[in-house]
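For what it's worth, my numbering labels the leading residue of the sequence shown as 17, then goes sequentially.
Note that beta-carbon positions come from the ideal geometry of N, C-alpha and C, so glycine has one too.
Everything on this sheet refers to the single structure shown next.
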Amino acid sequence: MHLNVRQITGLAVLIAFNIILGKISIGPIFASVNFGFIALVLSGYFYGVRLTALAAVLANLLAFTIMGKGSFSILFLLPAVLAGGVYGFLQKPTLTRIIVVNTVVVVGVSFFLNTFLITYTNHLNFQSLLGARTIKMIISLLVQIIISYLLLSNSAITNLKKQLQLIKQP
């Protein structure tokens, strides 16, 4: 894989965007939704599976290094790489793909895998934590599908991808 300076810079901007948006959330604490996923959706659209997985891991490491609270566990890089890789399938977006990708990330990775890792690293009850996170999962899924669809169907984003020459021209 050969990247030019413009592509590397774009990926770095999206990593920074992910870190910043990941710290912004709306809603009550038990059902808050953060917007870090937007940068991964765009990265997936622009760069595909491998680079988005890498970007997600780098964003996770940098976010903890810069703004981290508590202790770091390398186990939490697994959900980052999985979510980034799955978002990479948005390189050729359709409504069905947007729904499937967001469902896999929100339900599979964030809800089940992250909940398991939280319970494992903090010695908590898995069932109790799942129950507490259910409302957040449903709200997050709906918000992410809507925002992803609006973002990836926006002509400005499509034009940006063409201008950056991140898609192969026929």
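Beta-carbon proximity check, residue i vs residue j, cutoff 9 Å
i	j	result
Leu93	Leu67	no
Leu156	Val65	Here residue 156 is Ser; the residue named in the question, Leu, does not match the sequence. The answer is no: Cβ separation not under 9 Å.
Leu106	Val57	yes
Val122	Gln160	yes
Pro109	Ser164	yes
Ala71	Ile31	yes
Gly124	Ala75	no
Ser89	Thr137	yes
Ala55	Phe33	yes
Within-9 Å CB hit, residue i to chain B
i	result
Asn20	Checking the listed chains, one finds no chain B in this structure; it contains a single protein chain.
Contact test: residue i Cβ vs the ligand MN heavy atom, cutoff 8 Å
i	result
Leu168	Judged by which ligands are present, the structure shown has none, so any question about the ligand MN falls away.
Extent of the continuous alpha helix (DSSP H) run through residue i
i	result
Asn170	Asn170 -> no alpha helix (DSSP H), and no H or E assigned at all.
Ala55	Phe53 to Tyr63
Neighbourhood of residue i by C-beta, 7 Å cutoff - its chain only, sequence neighbours within 5 removed
i	result
Phe127	Arg149 and Met153
Ala69	Val97, Gly100, Gly101 and Gly104
Gly26	Phe62 and Leu180
Backbone secondary structure at residue i - three-state DSSP
i	result
Ile42	strand
Asn175	helix
Asn34	helix
Gln185	The predicted model places Gln185 with a pLDDT of 44, which falls under 50 and marks its position as unreliable, so this point remains unresolved.
Residues near residue i by beta carbon distance below 6 Å, same chain, minus five either side
i	result
Leu91	Leu133
Cut-off 8 Å between Cβ atoms - residues of its own chain near residue i, not counting five sequence neighbours on either side
i	result
Ile115	Ile161
Thr131	Phe142, Leu145, Leu146 and Arg149
Phe80	Phe88
> At what residue ranges does the segment 77-148 contain a whole run of the alpha helix (DSSP H), taking only runs of 4 or more?
Replying inline: 93-103, 111-119 and 130-138
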